[in-house]
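Taken in sequence, the protein lines are chains A and B. For what it's worth, numbering that gives the first Met the number 0 labels the leading residue of the first sequence as 0, then goes sequentially. For what it's worth, numbering that gives the first Met the number 0 labels the leading residue of the second sequence as 0, then goes sequentially. Backbone N, C-alpha and C define an ideal beta-carbon position, used for all residues, glycine too. Computed from a prediction, not measured in an experiment: that's the story for all the values here. Working notes for the structure below.
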Amino acid sequence: MKSNNSLFQKDLITDAVKQSFIKLNPKIMFKNPIMFVVEVCTLIMLIEAIRTPFDASISHLTVYNVFIFIILFLTLLFANFAEAIAEARGKAQADSLRKAREDTPANLVLESGEIKKISSSQLKKGDIFTVKAGEMIPSDGEIIEGLATIDESAITGESAPVVREAGSDRSSVTGGTKVLSDQIKVVVTTQQGESFLDKMIALVEGANRQKTPNEIALTILLAGFTLVFIIVCVTLKFFADYAGTPITVAAFISLFVCLIPTTIGGLLSAIGIAGMDRALRANVITKSGKAVETAGDIDVLLLDKTGTITIGNRKATNFYPASNIDKNEFVKACVLSSLADETPEGKSIVELGKGFEKVSVSQLTANISQSNAKFIKFTAETRNSGIDLSNGIRIRKGAIDTIKNLTEKAGNQFPTDVAEQTKQISANGGTPLVVSENEKVLGVIELQDIIKVGIHERFDRLRKMGVKTVMVTGDNPLTAKYIAEKAGVDDFIAEAKPEDKMNYIRKEQQQGKLVAMMGDGTNDAPALAQADVGVAMNSGTQAAKEASNMVDLDNDPTKLIEIVEIGKQLLMTRGTLTTFSIANDVAKYFAIVPALFINSIPALQALNIMQLASPESAILSAVIFNAIIIPFLIPLALKGVEYKPIGASALLIRNLVIYGLGGVIVPFIGIKLIDILVSLFI
Amino acid sequence: MNTEIFGIIFMFLATVLLAIPLGKYIANVYAENKTWSDFLQPLENLFFKISGIDPKQEMTWQEHLKALLTINFLWFFWAMLLLMTQDFHGFLNPDGNPSMTPDLAFNTAISFLVNCNLQHYSGETGLSYLSQLACMTFLQFVTAGTGMAACAVVFNAMRSTSPTPNPSPVERGNTNPKGGEGFTPLSKGEGQGVRLLGNFYNCFLKSCTRILLPISIVIAILLAFNGTPMNFEGKAEITTLEGVAQQISRGPAAAMIAIKQLGTNGGGYFGVNSAHPLENPNYLTNIVECMAIFLIPIALVFALGYYLEKKKFAWVIFGVMTIGFLILLLPTVYFEMQGSPTLAKMGINQDLGSMEGKEIRLGSAASAYWAINTTVTSNGSVNAMHDSLTPISGMMTMLGMMINALYGGVGVGFLNFYIFIIIAVFISGLMVGRTPEFLGKKIEAKEMKIAIIIALLHPFLILAGTALACWVFVNNPDIGWLNNPSFHGFAEMLYEFTSASANNGSGFEGLGDNTPFWNISTGIVLILARYLPIIGPVAIAGILASKKYIPESAGTLKTDTSTFGIMVFAVIVIIAALAFFPALVLSSITEFVMTY
């Protein structure tokens, strides 16, 4: 799916501006205690501004008070805008996913067996429909009959068609995707409006958005900082009375609004929404904001070997003939046995055979198609495949045990050099495939897992983040160990059965670790549910999707790595902006406090270290700075603070310097600059 | 080098050098390891036997608090009883000092019960020797012990690192000591359970018998040999060189002064506290008393390191506290040794520094050092009059009490610091992209709520109290509290509430504080500011202890690094400085810019 990466699109902004005003409703504001307090202050300021011209003693302050009111009002709007633009972006993203599936005609299969054309919006959970080549799938569902190739590019952006088949682990189809070949019968698995996507949209829109535990704890902290400044400002009134230095309402409210952490308060919900939005941009649908946060805390990552660490399938890399066999003859036999083999391994053998000049693959292909050779497909009983040539020669290939049985039954010895070779291959992480001709061993083909390019670096990165990677594979321990070392994972589960994953997860969890895993099959569902973060592939079964807290539309197993980073970014963005917001207070104090008392205690001029022009301009500058810092930080809130896997302490120093120290210095400069501007007009 | 400065450097270094082995000893005492003081065990067992306490019966954090509050409540009545019956104390009241009035007894009982020792009486004329010993000295021991026991509970809680909590209360009755082993939560949620954190009475009694008592004896002996009275005789009458007859108070002073310093109590035997020549006779006793203030607060930090086997963490805490302390100390020493510019303008020689309100035998540097010592810990004893400090020094003493966690009072100082750690852990945890955790326990909404309430309480009590006083004063300008209206008067009121809320007990005298308004308002502040900051940290630590332990990984923020130290320091500065900046501007800062 193409997503527009520019932060602000025009239509989104229009929508967000509208929302900023709607969100002024106190009922909505109340959810955000800090901004609600600002709203109350704005209201008080409005009353004060209206009252000012009628009170002769302060009527000269009318313009000033109106200005303060306007700036406070803008502060509110800016904060609302931050939330609105985050929502709008998330919604736009989700809408574009949803649009694809609206109003597609569906072929509903009635109980009588008849087919009725209805609109997709009329489909209910449990309904059965058929889709044939060239049609759009009207709703999410599970194939109950047939097999089809499907173009999922509308959702995943991946143009290569995928195969979906009833009864397999890849039986799920997504509404809005297109069937390219064959016909399938599908049962609707989700009620309209209850699909993952619908849930996600609701989350983004805020209707169902609940604060995550972490957000709640942060809100408490921020409420604490707000309370402290309520205490400071209220008591200051009495102190000022004692000292005989009256303070205007405008000055009080300005001081208060500047001191409370409005910056983070205004951006907090935008940061949360943006986290989910970033997940969505990575084509991951999350069921809750909490899942994204938890992902940032993951300690252990369970990854399937196939497709994640290695390129989906094994490839033939070498032919090793037995000692008395000519290599070219051996290769010829291998190619012949695999010509009709549609498995990726078989194809790779043919591919490798093409590299031998003396073995003309094209000629072999031509010969075979003319003769009435018979292909033997792999079955679970025989556990081998091959070809019966018209001249009576039987070529078979299979795992070492299978071929050994086959040859020894026929009274032939299994050559020791081949046996040696197979061990060698296993130790190198390969899989040996033994080839026989008329029950005599010809040699062995080495199949190797191809480790994905760049995966080693990704694991290094994860290790630096403190995440332990575990490879799950059906391979024997020897092969598994070899690949684990080569790919750089920390641990592996060999000859894994579904319950092994489950046990591993439990074991880690009992040690207090958070575990994430990705899965697709129905038998993965219990482990997905047990894991703290379970990511199901969109192609996976319904059970797997139900059990997990995220669904990856791309079916990309490496996605977990991105999800972990998104989670970390989310927390970091909150932390750094909180620090920045509070650090700002230092400069604001030095701007406002001298301004409050300077008229009655001229000696306090010494505290006016920014040399601000006048008390009025100082207060005005501080309030303006406080307001405009919010829109300045919206891009950061939406994009998230960059995560660098450099270790927690180094990261803390880095962020403390940038956002802590920066948070102290920036407002000094900002307020001074604004003061220079403001003092031109006062 | 100036000997005065050398004197304070010596005092500080000697205290730290003594505090390290003492910390190790304290850790051994709490861990029930073998120590040289085990010969006291029969005595302790006697106490337990009489009171029917099983010291092996472990308690949850709630049970700890219940025990702590109950026993404190009882002491209050004990103190009231003694103070109001002084007329009947017979030979233990040789000067015939009268019984206290109920309101004064109430105020005194509360202020000693909360380890604050705000004194609205003068020892010479207000107390019998029985009261001095069985009420004042007694409370000075047990309240210090209470603080240390609460601190030990938090230590215990921090030590709980096993992945699964203790058995549930139902299983606790199980005679099999390993009864809890089968308890393995399989849910992926938090491993909730009950965590047992030792026995309160055991921690409390051992704090008194093993730690406070031996050191107090040493200090008392040193004082007695330097001239501090330790007898039961009444006032002596002497004729001075001027030929004037003078009454000199005596009594069991050395014993009380030792624990008053050691237990960060601060309530003096004599009215003018350690400025009195018999309470603090010479520079040597000044060194001893000054070191006694700091000894246990610093030792407890090292005890934490030994107890948790996290020495580096202890050094980080010590580092943060020390930097904070030095930031307060250095300007104070500088300005006190500098002298007052107002006096300088009058042509008065100030080679000895600003000597108004100071003792000539102690000097300005040692007095400045004491002033900061006594305010950063919640001691409150004085050897010079704080009201006479130069403006910046006055502000520094107030800041010490406003932070109240730079070493802090025995036990409670660390508890206050613990709150700052929790807040720092929370913010910095977020900053590194991980749900915040401290010593393997996740910090969530509930703990944050408690931490914030406790962190807010202190500024609230101080600022609201001062605001109330301002309001009363503005509406009744003739109320006659303030000898110095204007900014210094404001500082006096601010100091009084700061001192009360920090359970310090020292005062900017010059404030007429023996009126119903001050007695009642500071009394309320005293109670709130003592017990809530004990309950809060114990509750947080208890809740955290019952959470599932998360082992460290490379992504975990280490708390034993200087980076984390900086973070804690920043949190302390932000909370203290931001909350009190306006109030300080209107008092000391204005005074400063107007004099200099």
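Checklist entry - Mind pulling the alpha helix (DSSP H) runs of 4 or more residues that sit fully within the region 208–267 of chain B? => result 212–224, 252–261
Item to check | Residues near Ile-454 of chain A in its chain [Cβ-Cβ closer than 7 Å; skip 5 each side] | outcome: Numbered from 1 along the first sequence, position 455 holds the residue referred to as residue 454 of chain A. Counting only Cβ-Cβ distances below 7 Å, and skipping sequence neighbours, we find Ile-308, Ala-486.
Checklist entry - Using the rule of at least 16 other Cβ atoms within 10 Å of the residue's Cβ for burial, across every protein chain shown, is Phe-87 of chain B buried or exposed? => result For the purposes of this step, residue 87 of chain B is taken as residue 88 along the second sequence, with counting starting at 1. Phe-87 of chain B should be labelled exposed.
Next on the checklist: I'd like the span of the alpha helix (DSSP H) that includes Arg-158 of chain B, first residue to last.
Outcome noted: The residue you call residue 158 of chain B lines up with position 159 of the second sequence. Taken as a continuous stretch (DSSP letters only), the alpha helix (DSSP H) holding Arg-158 of chain B covers 137–158.
Item to check | chain B within 8 Å of Thr-468 of chain A, Cβ atoms only | outcome: Residue mapping note: residue 468 of chain A aligns to position 469 of the first sequence, counting from 1. Output row for Thr-468 of chain A: interface = no.
Item to check | Nearest-angstrom Cα separation, counted from Ala-409 of chain A out to Gly-428 of chain A | outcome: Here residue 428 of chain A refers to the residue found at position 429 of the first sequence. Here residue 409 of chain A refers to the residue found at position 410 of the first sequence. Approximately 31 Å, taken between the alpha carbons.
Item to check | Run of the alpha helix (DSSP H) containing Gly-574 of chain A, from where it starts to where it stops | outcome: Indexing the first sequence from 1 puts residue 574 of chain A at position 575. First-last of the alpha helix (DSSP H) with Gly-574 of chain A: 558–596.
Next on the checklist: Would the region 380–390 of chain B count as touching the region 499–509 of chain B if we require 3 or more Cβ pairs under 8 Å?
Outcome noted: yes
Next on the checklist: On the DSSP letters alone, give me the boundaries of the alpha helix (DSSP H) that Val-287 of chain B sits inside.
Outcome noted: Your numbering for residue 287 of chain B matches position 288 in the second sequence. Taken as a continuous stretch (DSSP letters only), the alpha helix (DSSP H) holding Val-287 of chain B covers 282–307.
Next on the checklist: With DSSP as the reference, identify every bridge partner of Tyr-494 of chain B, one or two as the case may be.
Outcome noted: Here residue 494 of chain B refers to the residue found at position 495 when the second sequence is read from its first residue. Answer is none; Tyr-494 of chain B lacks a bridge partner.
Checklist entry - Using a Cβ-Cβ cut-off of 6 Å (strictly less than) and excluding sequence neighbours within five positions of Arg-433 of chain B, which residues of its own chain qualify? => result As a first step, residue 433 of chain B must be located in the second sequence, where it is residue number 434. Excluding residues within five positions, the ones whose Cβ falls inside 6 Å are Gly-554.
Checklist entry - Taking the alpha carbon of Met-44 of chain A as the point to measure from, which residue in A:Leu-73, A:Lys-22, A:Glu-82 has its own alpha carbon closest? => result For the purposes of this step, residue 44 of chain A is taken as residue 45 along the first sequence, with counting starting at 1. The option with the nearest alpha carbon to Met-44 of chain A is A:Leu-73.
Checklist entry - Between Ala-223 of chain B and the rest of its own chain, which residues show a CB-CB distance below 6 Å, the 5 nearest in sequence each way excluded? => result Here residue 223 of chain B refers to the residue found at position 224 when the second sequence is read from its first residue. Correct list, in chain order: Met-229, Ala-253.
Checklist entry - Can you name the start and end residues of the beta strand (DSSP E) that Asp-340 of chain A belongs to? => result Here residue 340 of chain A corresponds to residue number 341 of the first sequence, with the count starting at 1. That residue, Asp-340 of chain A, is in no beta strand (DSSP E); it is neither H nor E in DSSP.
Item to check | Contact check, Gly-22 of chain B vs Phe-269 of chain B, beta carbons under 8 Å | outcome: Within the second sequence, residue 22 of chain B is the residue found at index 23, counting from 1. Within the second sequence, residue 269 of chain B is the residue found at index 270, counting from 1. For Gly-22 of chain B and Phe-269 of chain B, no; Cβs fall outside 8 Å.
Item to check | Own chain residues within Cβ distance below 6 Å of Glu-355 of chain B, not counting five before or after | outcome: Here residue 355 of chain B refers to the residue found at position 356 of the second sequence. Same-chain partners within the cutoff: Ser-387.
Next on the checklist: One question on the structure: do Leu-301 of chain A and Tyr-588 of chain A come within less than 8 Å of each other, judged by their Cβ atoms?
Outcome noted: Counting from one through the first sequence, the residue named residue 301 of chain A turns up at place 302. Counting from one through the first sequence, the residue named residue 588 of chain A turns up at place 589. No. Outside cutoff.
Checklist entry - When Cβ atoms are compared, which residues of the region 534–561 of chain B fall closer than 7 Å to chain A? => result Lys-547, Tyr-548, Ile-549, Pro-550, Ser-552, Ala-553, Gly-554, Thr-555, Leu-556, Lys-557, Thr-560
Checklist entry - Should the region 567–581 of chain A be called in touch with the region 217–234 of chain A, which here means at least 3 C-beta pairs below 8 Å? => result yes
Checklist entry - Name the DSSP beta bridge partners of Gly-429 of chain A, please? => result Taking the first sequence and counting its residues from 1, the one referred to as residue 429 of chain A is at position 430. The partner list for Gly-429 of chain A (beta bridge, DSSP) reads A:Gln-447.
Item to check | Residues that DSSP places opposite Leu-146 of chain A in a beta bridge | outcome: Within the first sequence, residue 146 of chain A is the residue found at index 147, counting from 1. Paired residues: A:Glu-164.
Next on the checklist: If I measure Cβ to Cβ from Ile-392 of chain A and keep anything under 8 Å in the same chain, skipping five residues before and after, which residues do I get?
Outcome noted: The sequence position of residue 392 of chain A within the first sequence is 393, counting from 1. So the list reads Glu-436, Asn-437, once near-sequence residues are dropped.
Next on the checklist: Suppose the cutoff is 8 Å on Cβ atoms and the five residues either side in sequence are ignored; what does the same chain contact list for Gly-181 of chain B look like?
Outcome noted: The residue you call residue 181 of chain B lines up with position 182 of the second sequence. Residue placement at Gly-181 of chain B is flagged as unreliable, the pLDDT there being 34, under the threshold of 50; the coordinate-derived value follows with that caveat. Correct list: empty, nothing qualifies.
Item to check | CA-to-CA distance, Gly-379 of chain B to Ala-423 of chain B, given in whole angstroms | outcome: The residue labelled residue 423 of chain B in the question sits at position 424 within the second sequence. The residue labelled residue 379 of chain B in the question sits at position 380 within the second sequence. Approximately 28 Å between the Cα atoms of the pair.
Next on the checklist: In the DSSP output, which residue or residues are listed as bridge partners for Ile-114 of chain A?
Outcome noted: Within the first sequence, residue 114 of chain A is the residue found at index 115, counting from 1. Answer is A:Val-108.
Next on the checklist: For Val-663 of chain A and Ala-586 of chain A, which I take to be in contact (beta-carbon distance under 8 Å), what is that distance rounded to the nearest angstrom?
Outcome noted: Counted from its first residue, the first sequence places residue 663 of chain A at position 664. Counted from its first residue, the first sequence places residue 586 of chain A at position 587. Their Cβ separation, rounded to whole angstroms, is 7 Å, which keeps Val-663 of chain A and Ala-586 of chain A in contact under 8 Å.
Checklist entry - Would Gln-610 of chain A be called buried (16 or more neighbouring beta carbons within 10 Å of its own) or exposed? => result Residue numbering aside, residue 610 of chain A sits at position 611 when the first sequence is read from its first letter. Classification of Gln-610 of chain A: exposed, given that the 10 Å Cβ count is below 16.
Checklist entry - the region 371–402 of chain A: which residues have C-beta closer than 7 Å to a C-beta of chain B, in chain order? => result none
Item to check | Rounded C-alpha distance that separates Lys-546 of chain B from Glu-446 of chain B | outcome: On the second sequence, position 547 is the one that residue 546 of chain B refers to. On the second sequence, position 447 is the one that residue 446 of chain B refers to. Between Lys-546 of chain B and Glu-446 of chain B, the C-alpha separation is close to 12 Å.
Checklist entry - Measuring CB to CB, does Leu-195 of chain B end up less than 8 Å from Glu-57 of chain B? => result As a working note, residue 195 of chain B is residue 196 in the second sequence. As a working note, residue 57 of chain B is residue 58 in the second sequence. Yes.
Checklist entry - What does a CB cutoff of less than 6 Å around Arg-529 of chain B pick up in its chain, not counting 5 residues either side in sequence? => result Residue 529 of chain B sits at position 530 when you count from the first residue of the second sequence. Around Arg-529 of chain B: Val-113, Asn-502.
Checklist entry - What separation, rounded to the nearest whole angstrom, lies between the Cα atoms of Asp-448 of chain A and Thr-406 of chain A? => result On the first sequence, residue 448 of chain A is found 449 positions in, with the first residue counted as 1. On the first sequence, residue 406 of chain A is found 407 positions in, with the first residue counted as 1. Approximately 27 Å between the Cα atoms of the pair.
Checklist entry - Can you tell which of B:Ala-66, B:Phe-580, B:Ser-586, B:Ala-104 has the C-alpha that lies nearest to the C-alpha of Asp-584 of chain A? => result Your numbering for residue 584 of chain A matches position 585 in the first sequence. Checking every option, the nearest Cα to that of Asp-584 of chain A belongs to B:Phe-580.
Checklist entry - In angstroms, rounded to a whole number, what distance separates the CA positions of Phe-29 of chain A and Glu-47 of chain A? => result What you label residue 29 of chain A is simply residue 30 of the first sequence in a count that begins at 1. What you label residue 47 of chain A is simply residue 48 of the first sequence in a count that begins at 1. Going from the Cα of Phe-29 of chain A to the Cα of Glu-47 of chain A covers about 23 Å.
Checklist entry - How long is the line joining the alpha carbons of Leu-513 of chain A and Leu-603 of chain A, rounded to whole angstroms? => result In the first sequence, the residue the question calls residue 513 of chain A occupies position 514. In the first sequence, the residue the question calls residue 603 of chain A occupies position 604. About 55 Å.
Checklist entry - With respect to the beta strand (DSSP E) encompassing Phe-749 of chain A, which residues constitute its N-terminal and C-terminal limits? => result Since the first and last residues shown for chain A are 0 and 681, residue 749 of chain A lies out of range.
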